[in-house]
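The sequence shown lines up with residues 1 to 334 when you count with full-length UniProt numbering.
Following: one structure in structure tokens, then a few remarks.
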Amino acid sequence: MRVDYHLHLEEGPYSLRWLDRTNTALQHFQPVDAPKHSWEWLLESKKRLQERLDQGAFSPFWIDLYLEEALKKGLKEVGIVDHLYRFTEAREYYYRYVDISDSDLGRLQKEWLDQVMMESIHHFTAAIEAAKERWAARGITLRLGLEADYFVGGEAELSELLALGSWDYVIGSVHFQDGWGFDNPDTQAYFAGKDLVKLYEKHFATVESEIRSGLFDFVAHIDNMKVFNYRPDENLLLGHYERIALALKEANVATEVNAGLYYRYPVKEMCPSPLFLTVLKRHNVPITISSDSHYPDDIGSYVAQNVDTLLRHGFIEVATFEKRRRIMKPLVQG
1 MRVDYHLHLE EGPYSLRWLD RTNTALQHFQ PVDAPKHSWE WLLESKKRLQ ERLDQGAFSP
61 FWIDLYLEEA LKKGLKEVGI VDHLYRFTEA REYYYRYVDI SDSDLGRLQK EWLDQVMMES
121 IHHFTAAIEA AKERWAARGI TLRLGLEADY FVGGEAELSE LLALGSWDYV IGSVHFQDGW
181 GFDNPDTQAY FAGKDLVKLY EKHFATVESE IRSGLFDFVA HIDNMKVFNY RPDENLLLGH
241 YERIALALKE ANVATEVNAG LYYRYPVKEM CPSPLFLTVL KRHNVPITIS SDSHYPDDIG
301 SYVAQNVDTL LRHGFIEVAT FEKRRRIMKP LVQG
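So, in structure tokens, the structure goes:
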């Protein structure tokens, strides 16, 4: 069964690069009938982009482009999430735990948060709930999810934010270490000079706390600290892998095979790494499959390949979710 349980409708900052990538997505579904980069092509592209901007990311038009691509990719279940940091209701939570001090890093991250945090969580949940029936009529089950950043000490505040929606599942993620957003391309210079062994030790301690918090149905991109290729000898991480796998099993929390780092970041490796995946299988950790797409033309990316990967590792089921319940289904290609 092909599923994709971690994908997003939109993410800023809203740069010219974002505009170009959105245009690429639109033309994937309906190419402009004019020579590329001609005046006619530009005018029609501008018109379509303006319509997309006017309608927003939660419009039926944009959401159903994901549906069209999901049908092409042979997906049976899809979970759409958005980052909690996209929602204005979470402003105080992020301001409290992300470094937004009057420093180079703090100013950069404050600017970034203010650029991406522009929607209401209620608009998002209403849009996905409204889309479920349309998708079901086309043969695909649509689920509503949320990807929420975990911060040690912020569990009570996060629990209150999670109560704002009736989720099919909640994904926990760690994108920040001591307030530093380590997977932001604009902050990767802060890896320089760090003791990677100690950095990973602290990162996986945070991930373990996340797993045992009782807040999440599955945890995302479980070894994403490797995003920019800063990683010690992986043999030094085996103890952490074992501890994380044990925590997942004991807490009855799933994780994912996430393709996002493979096709969108310098490390060009799935999360988890092949070695980490072997450890997860030995502990029989439940697992789902995710493209981590941020545009409709990327939904389902590498799902077929990751079904094969999981089958080769001995997995026979894939995790799906409904109303905060995990439902294991047969893992088969097609």
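Each residue gets a CB set at the ideal place from its N, CA and C atoms; glycine is no exception.
Kindly list the residues whose CB is nearer than 6 Å to the CB of Y97, restricted to its own chain and excluding five residues on each side of it in sequence; keep chain order.
-> F151 and G154
Determine the DSSP secondary structure at M328, reduced to helix, strand or coil.
-> strand
Below 9 Å between beta carbons: does that hold for Y94 and M117?
-> yes
Is K73 near I299, with beta carbons less than 9 Å apart?
-> yes
Going by DSSP, what residues sit across from N258 in a beta bridge?
-> C271 and S290, per the DSSP bridge assignment.
Leaving out the 5 sequence neighbours to the left and right, which residues in its chain are closer than 6 Å to Y302 when beta-carbon positions are compared?
-> Sequence-distant partners of Y302 (beyond 5 residues in either direction) whose C-beta falls short of 6 Å from its own C-beta, in its chain, are A259.
Could you spell out the range, first to last residue, of the alpha helix (DSSP H) harbouring E242?
-> L238 to A251
Identify, in the order they occur along the chain, each residue of the same chain with its Cβ nearer than 6 Å to the Cβ of I316, setting aside the five sequence neighbours on each side.
-> L331
At 3 residues or longer, and completely inside the region 143-209: list those beta strand (DSSP E) runs for me, N to C.
-> For the region 143-209, the full-length beta strand (DSSP E) segments reaching 3 residues or more read 169-173 along the chain.
Keeping to the same chain, check which residues put their C-beta closer than 8 Å to that of I289; ignore five residues upstream and five downstream.
-> R2, V3, D4, Y5, E256, V257, V303, N306, V307, L310 and V318
Name the one or two DSSP bridge partners that V303 has.
-> Its beta-bridge partners do not exist; DSSP assigns none.
Please go through the same chain and pick out, in chain order, the residues whose beta-carbon is closer than 7 Å to the beta-carbon of P197, but skip the five residues on each side of it.
-> Per the sequence shown, the amino acid found at residue 197 is Val instead of Pro. Excluding sequence neighbours, V197 sits near P232 and L236.
For H122, the three-state DSSP class (helix, strand or coil) | The three-state reading of DSSP puts H122 in helix, counting H, G and I together.
Since I believe Q109 is in contact with G181 (beta carbons under 8 Å), could you give me their beta-carbon distance rounded to a whole number of angstroms?
-> 6 Å
Which term fits N224, buried or exposed, when burial requires 16 or more other beta carbons within 10 angstroms of its beta carbon?
-> Per the 10 Å Cβ criterion, buried.
According to DSSP, is E322 helix, strand or coil?
-> Correct three-state label for E322: strand.
When the Cα atoms are used, what is the spatial distance from R212 to L49?
-> 43 Å
Three-state secondary structure assigned by DSSP to L26 = helix
Using only alpha-carbon positions, find the residue among A131, L84, S38 and N252 that is nearest to S120.
-> L84
If you draw a straight line from the C-alpha of A90 to the C-alpha of W135, how long is it?
-> Distance between the alpha carbons of A90 and W135 is about 29 Å.
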